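Residue numbers (full-length UniProt numbering): 1 to 98.
Beta carbons are placed, not taken as given, at the ideal position from N, Cα and C, and that holds for glycine.
These numbers were taken from a predicted model, which means no experiment stands behind them.
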């Protein structure tokens, strides 16, 4: 199991997924309020792998739809510093009128 190979228990992995869900909701809610856009998120996924391997799949898949991403760097502090990145590949509906 990939989770155990990375040194996380199932409950730790689930907690990281839920933290990601909460953070994603907060970021998208703020973006929605700042831009006056309706943003409808889907639950985020959590993947454990090398950064290049993780980013290559969405870059290939969404690269045909546009060349813009939103990258938000986050830092969390407790007993240790944790750096995280929120990467959003917006998929705009070209038939939607603003």
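Could you tell me whether the Cβ atoms of residue i and residue j are closer together than 9 Å?
{"i": "residue 23", "j": "residue 62", "result": "no"}
{"i": "residue 46", "j": "residue 76", "result": "no"}
{"i": "residue 89", "j": "residue 41", "result": "no"}
Alpha carbon to alpha carbon, how far is residue j from residue i? Give it in angstroms, no decimals.
{"i": "residue 60", "j": "residue 52", "result": "12 Å"}
{"i": "residue 30", "j": "residue 84", "result": "18 Å"}
{"i": "residue 28", "j": "residue 50", "result": "25 Å"}
{"i": "residue 82", "j": "residue 74", "result": "8 Å"}
{"i": "residue 64", "j": "residue 55", "result": "15 Å"}
{"i": "residue 38", "j": "residue 32", "result": "6 Å"}
{"i": "residue 71", "j": "residue 78", "result": "23 Å"}
Which whole-angstrom value describes the C-beta separation of residue i and residue j, a residue pair presumed to lie in contact below a C-beta threshold of 8 Å?
{"i": "residue 44", "j": "residue 20", "result": "5 Å"}
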